[in-house]
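Residue 1 is where the sequence shown starts when you use UniProt numbering, and the numbers rise one by one after that. Report on one structure; see the data block that follows.
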Amino acid sequence: MATVDGTSHVDYAIIGGGPAGLLTARALLKAAPGASIQVYETARGYWPQGAGVLIELNGWRALHAVDDALADKLRAQGFLFGSAAVYDEAGAPMKLPYTQSMDWNHAESERVHGHTRVMVYWGDIRQALFESLPEGLVSFNNRITAVSPGEPGGQPAVLQMQDAHGDTRTVTAGLVVAADGFYSRTKRLVWGGGMPAFTNRLIWRALVQYERAEEVPELLRRSGGDPVMWMGQGMPPSRFATVYTVGHNRFVWTCIAGTSFLEKAGLSWSPAKQDDVGIQQAGAGASSPAESRCLAVFADYPPALVELLRRTDPAVITEHGAYLHDLAALQGAADWVRGNVVLVGDAAHTAPPDGQGLNMALEDVAVLGACVQESGPTQKALEDYAAARLPRVRDVWVRPPGAFEPPNRLAALLNASFAPLGPGPHSGKSRPLPGWQPAKRVEQP
């Protein structure tokens with residue numbers, strides 16, 4: 001609503017219109033009925049973007065905690081993988097120990113855990129979440145330029161925004177949820193400091209759609225839609241490419257390589273081109289250099305992959321650097337809560353691209369919603385949120401030196417359990433099945 005001086009006020013302002021921000025809005029509609037909620041997104045609208053997302057047990061339980069019907073809708077849009085076909089850079093078949101975890105028995109997982117891993121296109125997730133919200137709740141073309149935190153239940157936060165034409169507006173909010181990704185402007189404006197650490201790796205992604213099944217390349221037809229991977233040397237691989245289906249003759253490809261390969265091709269990369277990095281994604285434009293840069297790095301890969309890259313519409317190829325927060329150094333509320341501003345998703349914990357990024361963002365939203373539902377938009381709610389999330393982040397991502405994966409990661413995913421939001425009835429799918437014996441944790445020194 002507008003105030004006397006021309007600014008507007010909302011009870012909950014959500015910064016970022018990606019899946020984390022949109023699900024936050026859905027959660028708050030359940031947890032705080034009657035409150036005014038607004039999502040502010042920098043982009044002028046949505047376009048085809050993103051890769052496939054493997055929603056795991058913990059992600060499904062978090063989604064069901066927020067909205068059973070929404071979770072069921074996303075599940076129906078997904079694709080079940082069988083096993084991965086893995087090749088080296090020359091195209092010769094290879095077997096890696098950790099790919100055994102990609103030979104999935106979906107029926108057994110459903111029987112024991114109530115859910116299984118499902119691949120869903122990121123754009124489908126975003127669209128389903130967007131459609132679940134009332135019309136007008138997402139406001140596009142709003143770039144955050146300044147944030148002044150207030151106090152939960154007291155002085156509101158003050159947000160300054162600017163559109164693509166340079167026009168500005170002021171919004172005050174009782175609670176600000178920053179879901180603006182690992183380039184989070186909100187975090188940089190409120191906490192100070194720069195970007196997460198650049199890992200000297202680049203990521204290219206795109207969606208390729210074929211009109212008819214017979215147009216699908218032979219290699220992808222042979223795989224039956226299961227992932228096809230090409231692995232470089234080292235661990236993590238120096239270069240890596242994968243292609244997989246997201247249903248309806250649509251395939252997503254992802255290519256990852258160190259910046260040294262770009263340099264060998266006579267090209268360069270600047271991890272921070274300007275002070276306002278924003279999302280810093282090349283792509284979404286016919287003149288984008290992303291296609292030529294990716295092809296330059298992967299030109300010596302097998303023809304099946306190179307041809308797929310060449311057939312991709314340059315306008316849908318995105319390119320960005322890979323960044324990481326020092327997850328072991330996170331302390332919870334000190335890093336995620338400042339007055340009445342709170343971080344969720346990649347803004348709070350940018351992690352390696354290991355499949356858990358979105359799942360943990362979904363967890364963040366479910367937990368924040370439950371804390372607000374119990375305590376309102378208070379300091380206690382924000383402190384409870386941070387206290388609940390910190391051990392989960394450590395269990396899922398923090399590895400002891402020399403360990404292949406965090407010792408409590410699997411137990412954390414299997415034991416995930418979330419309180420459902422809003423009035424019932426609830427399906428019970430946000431918690432482990434009755435009779436489930438929690439997986440044992442590994443005690444660490």
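Note that CB positions come from ideal geometry on N, CA and C, so glycine has one too.
Considering Cα atoms alone, identify which of the options is closest to residue i.
| i | options | result |
| --- | --- | --- |
| Ala92 | Pro352, Gly232, Asp326 and Trp269 | Gly232 |
| Lys73 | Gly225, Arg111, Phe130 and Glu41 | Phe130 |
| Ser260 | Val297, Pro156, Leu362 and Arg250 | Val297 |
| Val216 | Val66, Thr116, Leu308 and Val342 | Leu308 |
| Val190 | Leu343, Leu390 and Cys371 | Leu343 |
| Asp354 | Val53, Pro401 and Gly17 | Val53 |
| Arg409 | Val398, Gly402 and Ala419 | Val398 |
| Tyr301 | Met229, Ala403 and Asp384 | Met229 |
| Thr245 | Gly422, Leu262 and Asp226 | Asp226 |
| Ser292 | Ser36, Cys255, Ala31 and Pro432 | Cys255 |
| Phe251 | Leu421, Trp122, Glu374 and Gln379 | Trp122 |
| Val316 | Pro420, Pro400 and Arg205 | Arg205 |
| residue 519 | Val120, Ala51, Trp104 and Gly59 | The question about residue 519 has no answer here: the residues shown for the chain are numbered 1 through 445. |
| Tyr323 | Phe198, Leu368 and Glu151 | Phe198 |
Quick one: is residue i buried, meaning 16 or more other Cβ sit within 10 Å of its Cβ, or exposed?
| i | result |
| --- | --- |
| Asp395 | buried |
| Pro425 | exposed |
| Trp47 | exposed |
| Ala366 | buried |
| Val442 | exposed |
| Thr145 | exposed |
| Ser132 | buried |
| Ser184 | buried |
| Lys429 | buried |
| Phe81 | buried |
| Ala69 | exposed |
| Arg44 | exposed |
| Glu114 | Per the sequence shown, residue 114 should be read as Gly rather than Glu. Buried is the call here. |
| Ala387 | exposed |
| Asp275 | Residue placement at Asp275 is flagged as unreliable, the pLDDT there being 46, under the threshold of 50; the coordinate-derived value follows with that caveat. By the 10 Å Cβ count, Asp275 comes out exposed. |
| Gly154 | exposed |
| His248 | exposed |
| Gly435 | exposed |
| Asp384 | buried |
| Arg188 | buried |
| Leu57 | buried |
| Leu433 | exposed |
| Asp313 | exposed |
| Arg212 | exposed |
Whole angstroms are fine: how far does the CA of residue j sit from the CA of residue i?
| i | j | result |
| --- | --- | --- |
| Ile14 | Pro134 | 15 Å |
| Leu175 | Leu159 | 11 Å |
| Phe182 | Met360 | 13 Å |
| Gln281 | Gln437 | Caution applies to Gln281, whose pLDDT of 44 falls short of 50 and renders its modelled position unreliable; the value that the coordinates give is listed next. Computed Cα separation, rounded: 44 Å. |
| Trp269 | Leu358 | 26 Å |
| Val306 | Leu295 | 7 Å |
| Leu202 | Pro289 | 14 Å |
| Gly332 | Leu220 | 43 Å |
| residue 449 | Glu108 | Nothing about residue 449 can be read from this structure; the chain reaches only from 1 to 445. |
| Val277 | Glu110 | Caution applies to Val277, whose pLDDT of 44 falls short of 50 and renders its modelled position unreliable; the value that the coordinates give is listed next. Each residue's alpha carbon lies about 42 Å from the other. |
| Pro303 | Gly192 | 46 Å |
| Pro156 | Gly339 | 9 Å |
| Gly258 | Arg310 | 21 Å |
| Pro19 | Val177 | 13 Å |
| residue 457 | Leu137 | Any answer about residue 457 is impossible in this case: the structure gives the chain only from 1 up to 445. |
| Glu41 | Ala90 | 42 Å |
| Asp167 | Thr186 | 19 Å |
| Val86 | Thr24 | 37 Å |
| Ala334 | Lys95 | 43 Å |
| Met235 | Pro33 | 48 Å |
| His64 | Pro423 | 13 Å |
| Leu29 | Ala265 | 50 Å |
| Thr7 | Ala173 | 11 Å |
| Leu382 | Met195 | 24 Å |
| Arg239 | Asn200 | 12 Å |
| Trp253 | Asp124 | 16 Å |
| Val112 | Ala76 | 20 Å |
| Glu214 | Asn415 | 43 Å |
| Ala419 | Ser148 | 32 Å |
Taking 8 Å as the cut-off, is the C-beta of residue i nearer than that to any heavy atom in the ligand MG?
| i | result |
| --- | --- |
| Gly321 | Looking for the ligand MG in the displayed structure turns up nothing, as the structure carries no ligands at all. |
Between residue i and residue j, is the Cβ-Cβ spacing less than 9 Å?
| i | j | result |
| --- | --- | --- |
| Gln49 | Thr318 | yes |
| Ser417 | Arg61 | yes |
| Asp364 | Gly376 | no |
| His325 | Ala299 | no |
| Ala31 | Ala370 | yes |
| Ile37 | Asp67 | no |
Note down, one range per segment and in chain order, each beta strand (DSSP E) of at least 3 residues found wholly within the region 16-103.
37-40, 52-55 and 85-88
Return the chain-ordered ranges of every alpha helix (DSSP H) run that is complete within the region 201-284 and spans a minimum of 4 residues.
218-223 and 259-264
Any chance you could list the alpha helix (DSSP H) runs of at least 4 consecutive residues sitting entirely within the region 285-361, in chain order?
290-298, 303-310 and 333-336
Jot down the residue ranges of each uninterrupted beta strand (DSSP E) in the region 376-410, minimum 3 residues, whole runs only, in chain order.
none
Would you mind listing the alpha helix (DSSP H) stretches within the region 125-212 that are 4+ residues and don't spill past its ends, in chain order?
185-191
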